[in-house]
Amino acid sequence: MNKNTQEQPTFLFGKKNYIIMLIGIFFIAIGFIFMVGGGSDNPEVFNEEIYNWQRIRLAPTLVIIGLAIEIYAILADPKK
Numbered sequence: 001m002n003k004n005t006q007e008q009p010t011f012l013f014g015k016k017n018y019i020i021m022l023i024g025i026f027f028i029a030i031g032f033i034f035m036v037g038g039g040s041d042n043p044e045v046f047n048e049e050i051y052n053w054q055r056i057r058l059a060p061t062l063v064i065i066g067l068a069i070e071i072y073a074i075l076a077d078p079k080k
């Protein structure tokens, strides 16, 4: 045995896993961006825009889809 030879570090995930993780992060970020806003400048005035379908339905759905993509990216076999 030669003490000068060192083992190369191996990554836990493959390139495919990291690409899928980036896609999941993108979905989560878009979901949080859609949740932003809807407030009112005057606290005495109620703004109906806070109950927009984009904030109530679309944004949480995108976040959940992004989390599901992240779980898939973690569980996917990098060798395939």
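Numbering of the sequence shown is given in UniProt numbering, commencing with residue 1 and proceeding in unit increments. Using N, Cα and C, we set each Cβ at its ideal position, and we do this for glycine too.
Here Pro-43 carries a coil assignment [DSSP, helix/strand/coil]. The alpha helix (DSSP H) runs of length 4 or more contained entirely in the region 10 to 70 are, from start to end of the chain, 15 to 35. Taking the Cα positions, Gln-54 is about 7 Å away from Phe-34. The beta carbon of Ile-56 lies closer than 8 Å to none in the same chain, with the five residues before and after it left out. With respect to the 7 Å criterion, Ile-65 and Phe-27 are classified as neighbours on the basis of their beta carbons. Its Cα nearest to that of Ala-73, the residue Lys-15 stands out among Lys-15, Ile-30, Gly-37.
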